[in-house]
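One structure below.
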């Protein structure tokens, strides 16, 4: 975008809504292993909270809040985190994504499964967030990727 959106109402509403969209996205990621939603849906909401100010606010302010390198970095970190959680059981003689077979002293297998799926949901959320923000930046010409 060349400059701020001409409507004051749109700019103010987007600035007020973005933190709540971000919070809702983080909630969906954190509670994705309990019910519908999870990493993908939450990652899209978190990305929307970053993209909305980029579309409506002044370009300099929007990119100061979330710099252009954030998308590729988050996408890479999310994929590496997912890969780490998915392949650690392979290194220990288990199956891909079988994080319940990882033994931690004093922690029940059900608790390890719970923590494993939570980390997977967080990793997917980070990767989706980064990918969606990167797609937006590439389409608007703000990325070097």
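In this note's numbering, the protein residues as written are 17 to 161. For glycine and all other residues, C-beta sits at the position ideal for the given N, C-alpha and C. If you're wondering where the values come from, they're calculated on a predicted model, not measured in any experiment.
| Query | Result |
| --- | --- |
| Three-pair Cβ contact test at 8 Å for the stretch 75–88 versus the stretch 44–55 | no |
| The ligand MN heavy atom lying under 7 Å from the CB of residue 124 | As for the ligand MN, it is missing from this structure, which has no ligand bound. |
| Own chain partners of residue 90 with C-beta closer than 6 Å, once the 5 adjacent residues on each side are dropped | 142, 145, 146 |
| Cβ pair residue 65, residue 45 closer than 8 Å | no |
| Residue 21, DSSP secondary structure in three states | coil |
| The stretch 108–117 contacting the stretch 26–35, beta-carbon criterion three pairs below 8 Å | no |
| Assumed close pair residue 184, residue 92 - CB separation to whole angstroms, cut-off 8 Å | Nothing can be reported for residue 184: it is not among the residues displayed for the chain, which extend from 17 to 161. |
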